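Visitor:
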Amino acid sequence: MKILNIVTVTAALLFAGAAVAGPQCTEASQTEWMPTETMKQRLIDQGYTIDRFKVTDGNCYEIYGEDKNGVKVEIYFNPVSGDPVKERRND
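Numbers in our numbering are just positions in the sequence shown, counted from 1, shifted up by 749.
1) Which residues in the same chain as Glu781 place their Cβ atom closer than 7 Å to its Cβ, once the five residues preceding and following it in sequence are excluded?
2) In chain order, what residues of the same chain have a beta carbon less than 7 Å from the beta carbon of Ala777, not counting five sequence neighbours either side?
3) Looking at the secondary structure, which residues open and close the alpha helix (DSSP H) in which Glu786 lies?
4) CA-CA distance, Lys746 and Val820?
5) Taking 8 Å as the limit between beta carbons, can you name the residues of its chain near Ala770, skipping five residues before and five after?
6) At which residues does the beta strand (DSSP E) containing Asn818 begin and terminate?
7) Does DSSP classify Thr798 as helix, strand or coil?
8) Could you compute how far the alpha carbon of Glu836 sits from the alpha carbon of Tyr825?
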């Protein structure tokens, strides 16, 4: 019975981690990605303020910042195309 409980708790923790993980953006080699400085400049030109820029485990560019209207955003981008993949806004 205790083993069943341990297995159940372990499975629940694994699935919970997968639920909060970010998206998978690309499987392309990093040599095919848009340079980070190019991506940052593209976002600045669109009116974003970037507080944090990082590469995720899912091979995305992820930013935390504000859009041109001052709304806080967290956005995942495909690093090859620069297209948004997932976005959260804090209106």
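Note that beta-carbon positions come from the ideal geometry of N, C-alpha and C, so glycine has one too.
As the structure is a computational prediction, the values presented were derived from the model and not from experiment.
Guide: In short, the structure shows the following:
1) Val829
2) Val829
3) Counting along the chain, the alpha helix (DSSP H) containing Glu786 begins and ends at 785-794.
4) Look at the range of the chain in this structure, 750 to 840, and you will see that residue 746 is not part of it.
5) Hits under 8 Å: Asp806, Gly807.
6) For Asn818, there is no enclosing beta strand (DSSP E), as DSSP marks it with neither H nor E.
7) strand
8) Take the alpha-carbon of Glu836 and the one of Tyr825: they are about 6 Å apart.
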